[in-house]
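Position 560 of the sequence shown, counting from 1, maps to 1587 under the numbering used here, and the rest follow consecutively.
Here a beta-carbon is modelled for each residue, glycine too, at the ideal position from N, C-alpha and C.
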Amino acid sequence: MQLNRPDLEIVAITGGQPGAHVPLQANLMSPALFIGLCGLAGCLYLALLLSRSRRQLEAIRGRLQESHDNEAELSGRLHVLEHSAPDAVLTISPEGFIDGFNRAAERLFGYSAAEIVNHHFRELFPEPEDGECHLNSVVHGNGNDLLGSVREVSAQRRDGSLFTAECSAAELTRSGQRGVLAIVRDVSAQRMHERLLEQSELRLREAQQLARLGNLELDLQDGRMFWSDELFHQFGLEAGQVEPDMRLLISLVHPEDRDGIEMAMDSLIRQGSCHEQSYRLLPGSGLQRWHHARFIVDRNESGQALRLLATVQDVTEQHSLAETRRRMEEKLDQIRKLETIGSVSSAIAHDFNNILTPIIGFTDLGLEETESSSSVHRHLQQVRRGASRARELVQRILSFSDSPQQEPNPVALRSVAEEVLGLLSVRAGRRVRLELHESGGPHYVMADATHLHQVLLNLCTNALQAIGTGEGRISVALETVNIDLGSLERLPALKLGPHVLLSVRDDGSGISRQDMELIFQPFFSSRPGEGGSGIGLSVVHGIVLSHGGEIEVESRPGSGSCFRVYLPLCRELPSRSGTTGAELEQDELELRGTGESILFVDDEPDINRLVVQQLERLGYRVSTCRQPAQALDLLREQPGSFQLLVTDLTMPRMDGEKLVRSLRASGEMLPVIMITGYSEGLPRDIMEELRIETVVNKPLEQNSLASAIRRVLGPVSAVPAND
């Protein structure tokens, strides 16, 4: 059949161009062509659908790949978190086998991951005798309510030792399998400290009962008041029976004494800081008793009174209140003397360090410039040794001031003992024989050498005083001992493992049983009339505890005493005992500069001249100023001319801290090294605030200052040379 309608227009597809079409005359198209065009259109439509499906498939594949990538990233992050966590992290399969063990767990339990993986968690967490393990309930699905909770469990290390741990368990799903993620922390030391704290609080209550000494605290802002248990007892009341307040306190005072105590307390709160007063009480029993109270007001910076603190002692049984007051005043005077000694010693040490710096520095320069075989070189060596001894004496002076503990380093106790016995030999003379015994060794401990010197010197001085004017013997011994669980019952402050035992034994007068319980208390002395301050042993006890050690005493009247000091043994020995000539030459090369410009500020002209010579010999360009204001002007006039500022901390009119603050306020970020003749230097927060790189202590030595400069400026190879 032919299409002979001239008005019929057929549009042919021409590649999808919009608006493009070719009219075909109907009378020119056969049925076969029409069918073919329709088929072609269908094929094109199917191709379009196929293309769209492919794009959707690619998008799905992309999302799947992204999901896989995210899962891999999350798995990697989880792995990193597990192995960087400070606590032990274990993953346990549904069957109870360990399949994950981080580094902290290796350190805690003593197993490597390869040794413990695929072992049952029971090897680390044995079943307790008094019930089921918390972790066992979670692993076997019986303790869903325990998920996320922290429970205390008993754990076992590789060596078989048991310890108390806190365990938190969470559900962990990997590849569709349910497991358990356990986080374990060793709290045995914490529990021990808690027990010690409970014992300390119990001892405090017992001590207050024995001394009949109570205390109270009044918050002057809201009127709330606290009484100790002993104070309730003194007032004839039961703790919890009444709510303590000021009205109740005044009502217990004898009517004739109420006005006086109210007026004294009112005056103290308005303008005072401390007050002592004796008054009579009428407790619930109705029996009149005398009490002595000491009040202290705690104020803020503006002088506003915040709290009223008081200690109240029942002095009815005491025969002489004047004697009690006299002893208290002596103790307060002793504290003031110690504070004064600390302040004066710091100032003296600062001046001596400024004097010693040019002595040591110019002596070192002289030693470098003279032949080792010359008599001048030998004389300079004697001067250098004397200056080194003077520097050590300055450090000992600083140990009596209120300065913070230095960073611990490996210290050989034998060297400390030899030095102390050498100093003591002058006082001991021929009447007291001094002995030093060492078995095994070397005996190194991580400590502040000055503090260990102070410990041994105090113990030996006490031993010498116990011998008195007669003949005797003081024996100092060093040996290595191992602290086991049995030892911890006697020495609870120690940890398991090897320790150094330092013992000081004398054949003096010994210590009575009554005094044995008080010897470590501040200001207690068994020889108050013989020059004993009662401070030495309390200081010794504090230093030993701060170094992770413990001290015990064995003594009987007339049979001498033995003080035993336990300190953790240090396995980390000094890296090298000597330095070869080649190493010294290499060290000097590493300390040399490449023409860097340094501005040095110190008010001492001799120190300025010394530092210029020392640093210029090492290849630096050095400019000096004696006044911080002059240094500020120089830095502002010549910005970018210096690569480092080295300044003294203590200077007149403007100190080093103010200099650096002014420098930072102007936007100058020049690196800074601070030098000081005081041991404490600057607090860490101020150094971080002012971006002070490091602090170097006086007396300055060339290598110590040059090492600090290279640490701040970087290795020589990393610093471009100045043109």
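Legend entry - Through-space distance from E1356 to G1704, alpha-carbon basis: Residue 1704 sits at position 677 when you count from the first residue of the sequence shown. Residue 1356 sits at position 329 when you count from the first residue of the sequence shown. Cα to Cα, the separation comes out at about 34 Å.
Inset, instruction - Excluding the 5 residues preceding and the 5 following C1301 in the sequence, name in chain order all residues of the same chain whose CB lies nearer than 6 Å to its CB. - result: Position 274 of the sequence shown holds residue 1301. I1323, listed in sequence order.
Legend entry - C-alpha gap between T1397 and L1642, whole angstroms: Locating residue 1397 in the sequence shown gives position 370, where the first residue counts as 1. Locating residue 1642 in the sequence shown gives position 615, where the first residue counts as 1. Straight-line Cα distance between these residues: approximately 19 Å.
Inset, instruction - Could you tell me the distance, in whole angstroms, from the CA atom of C1589 to the CA atom of E1498? - result: Here the question's residue 1589 lines up with position 562 in the sequence shown. Here the question's residue 1498 lines up with position 471 in the sequence shown. Approximately 17 Å, taken between the alpha carbons.
Legend entry - Proximal residues to A1266 (C-beta, below 8 Å), its chain only, five neighbours per side dropped: Here residue 1266 corresponds to residue number 239 of the sequence shown, with the count starting at 1. Excluding residues within five positions, the ones whose Cβ falls inside 8 Å are W1254, D1256, F1259.
Legend entry - From R1532, L1240, A1474, residue whose alpha carbon lies closest to that of H1464: As a position in the sequence shown, residue 1464 is number 437, starting the count at 1. Considering only alpha carbons, the answer is R1532.
Legend entry - Cβ-Cβ separation, T1338 to A1320 (assumed contact under 8 Å), whole Å: Stepping through the sequence shown from its first residue, residue 1320 is reached at position 293. Stepping through the sequence shown from its first residue, residue 1338 is reached at position 311. The Cβ separation is near 7 Å, so the contact holds.
Inset, instruction - Take V1214 and list the residues in its own chain whose beta-carbon comes closer than 8 Å to its own, dropping the five residues that flank it on each side. - result: As a working mapping, residue 1214 is identified with position 187 in the sequence shown. Taken in chain order, the residues that qualify are E1179, T1191, A1192, E1193.
Legend entry - Other residues of its chain near L1645: CB distance less than 7 Å, five sequence neighbours each side excluded: For the purposes of this step, residue 1645 is taken as the residue at position 618 of the sequence shown. Excluding positions up to five away in sequence, the list reads L1618, R1619, G1620, A1733.
Legend entry - Residues of its chain near I1719, where Cβ-Cβ distance is below 6 Å and the 5 sequence neighbours each way are ignored: Here the question's residue 1719 lines up with position 692 in the sequence shown. Closer than 6 Å at Cβ, skipping near neighbours: V1699, M1701.
Legend entry - Q1541 classed as buried or exposed, judged by whether at least 16 other C-beta atoms fall within 10 angstroms: Within the sequence shown, the letter at position 514 stands for residue 1541. Burial call: exposed.
Inset, instruction - Please name the residue or residues paired with A1474 in a DSSP beta bridge. - result: Counting from 1 along the sequence shown, the entry for residue 1474 is found at position 447. Answer is N1436.
Inset, instruction - Would you list the residues sitting across from L1336 in a DSSP beta bridge? - result: Taking the first residue of the sequence shown as position 1, residue 1336 is located at position 309. In the DSSP output, where bridge partners are listed per residue, L1336 has E1244, I1323.
Legend entry - Proximal residues to P1435 (C-beta, below 8 Å), its chain only, five neighbours per side dropped: As a position in the sequence shown, residue 1435 is number 408, starting the count at 1. M1473, A1474, D1475, H1574, listed in sequence order.
Legend entry - Coarse secondary structure for M1273, derived from DSSP in three states: On the sequence shown, position 246 is the one that residue 1273 refers to. Three-state DSSP puts M1273 in a helix.
Legend entry - First through last residue of the alpha helix (DSSP H) which encompasses N1635: On the sequence shown, position 608 is the one that residue 1635 refers to. Counting along the chain, the alpha helix (DSSP H) containing N1635 begins and ends at 1632-1644.
Inset, instruction - Identify whether A1196 lies in helix, strand or coil by the three-state DSSP scheme. - result: For this step, residue 1196 is matched to residue 169 along the sequence shown. DSSP places A1196 in strand when its eight states are reduced to three.
Legend entry - Those residues which DSSP pairs with R1212 across a bridge: In the sequence shown, counting from the first residue as 1, residue 1212 sits at position 185. DSSP, once it has assigned bridges, lists E1193 as partnering R1212.
Inset, instruction - Identify which residue in L1521, S1582, E1462 has its Cα closest to the Cα of A1493. - result: For the purposes of this step, residue 1493 is taken as the residue at position 466 of the sequence shown. Cα-wise, what sits closest to A1493 is S1582.
Legend entry - Paired residues, beta bridge with Q1304 - DSSP: Walking along the sequence shown from the start, residue 1304 turns up at place 277. Note: Q1304 sits in a beta bridge opposite A1320.
Legend entry - Distance between E1093 and Y1072 (C-alpha atoms, nearest Å): What you label residue 1072 is simply residue 45 of the sequence shown in a count that begins at 1. What you label residue 1093 is simply residue 66 of the sequence shown in a count that begins at 1. Computed Cα separation, rounded: 32 Å.
Inset, instruction - Using a threshold of 7 Å, state whether the C-beta atoms of A1332 and I1288 are closer than that. - result: Walking along the sequence shown from the start, residue 1332 turns up at place 305. Walking along the sequence shown from the start, residue 1288 turns up at place 261. No, the pair does not count as a contact, with Cβ atoms beyond the cut-off.
Legend entry - Endpoints, the alpha helix (DSSP H) within which H1260 is located: The residue you call residue 1260 lines up with position 233 of the sequence shown. From DSSP, the alpha helix (DSSP H) with H1260 extends over 1256-1261.
Inset, instruction - With a cut-off of 8 Å on the beta carbons, I'd call L1208 and A1197 a contact; round off their distance for me. - result: Counted from its first residue, the sequence shown places residue 1208 at position 181. Counted from its first residue, the sequence shown places residue 1197 at position 170. Their Cβ separation, rounded to whole angstroms, is 5 Å, which keeps L1208 and A1197 in contact under 8 Å.
Inset, instruction - Return the chain-ordered list of same chain residues with a C-beta closer than 6 Å to the C-beta of E1579, the five sequence neighbours on each side being excluded. - result: For the purposes of this step, residue 1579 is taken as residue 552 along the sequence shown, with counting starting at 1. If we look at E1579 and ignore the five residues flanking it on each side, its Cβ neighbours are R1591.
Legend entry - C-alpha gap between D1633 and F1389, whole angstroms: Within the sequence shown, residue 1633 is the residue found at index 606, counting from 1. Within the sequence shown, residue 1389 is the residue found at index 362, counting from 1. D1633 and F1389: Cα-Cα distance of roughly 10 Å.
Inset, instruction - Quick one: using the 10 Å Cβ neighbour count with 16 as the cut-off for buried, is R1082 buried or exposed? - result: Translated into positions along the sequence shown, residue 1082 becomes position 55. Classification of R1082: exposed, given that the 10 Å Cβ count is below 16.
Legend entry - Proximity to L1223 [Cα-Cα], best of L1515, M1292, N1509, E1328: Locating residue 1223 in the sequence shown gives position 196, counting from the first residue. Taking only the C-alpha atoms, the option nearest L1223 is L1515.
Legend entry - A1656: first and last residue of the uninterrupted alpha helix (DSSP H) it sits in: What you label residue 1656 is simply residue 629 of the sequence shown in a count that begins at 1. Note, A1656: alpha helix (DSSP H), 1655-1664.
Legend entry - Cβ-based neighbour list, K1725, same chain, cut-off 7 Å, excluding 5 preceding and 5 following: On the sequence shown, residue 1725 is found 698 positions in, with the first residue counted as 1. Around K1725: N1380, N1381, T1384, I1702, T1703, G1704.
Inset, instruction - State buried or exposed for R1416, treating a residue as buried only when at least 16 other CB atoms are found within 10 Å of its CB. - result: In the sequence shown, residue 1416 corresponds to position 389, counting from 1. Exposed.
Inset, instruction - Name the one or two DSSP bridge partners that A1504 has. - result: By one-based count along the sequence shown, residue 1504 stands at place 477. Bridge partners of A1504: H1464, S1530.
Inset, instruction - Could you check which residue in I1387, S1689, L1483, T1118 has the C-alpha nearest to that of L1529? - result: In the sequence shown, residue 1529 corresponds to position 502, counting from 1. Looking at the Cα atoms, L1483 is the closest of the given residues.
Legend entry - Boundaries of the alpha helix (DSSP H) in which V1739 is found, first to last residue: As a working mapping, residue 1739 is identified with position 712 in the sequence shown. 1729-1740 is the extent of the alpha helix (DSSP H) around V1739.
Inset, instruction - Answer yes or no: do A1132 and L1117 have a C-beta to C-beta separation smaller than 7 Å? - result: What you label residue 1132 is simply residue 105 of the sequence shown in a count that begins at 1. What you label residue 1117 is simply residue 90 of the sequence shown in a count that begins at 1. Contact check for A1132 against L1117 passes: the beta carbons are separated by less than 7 Å.
Legend entry - Per-residue DSSP class, three states only, for Y1593: Locating residue 1593 in the sequence shown gives position 566, counting from the first residue. Three-state result, Y1593: strand.
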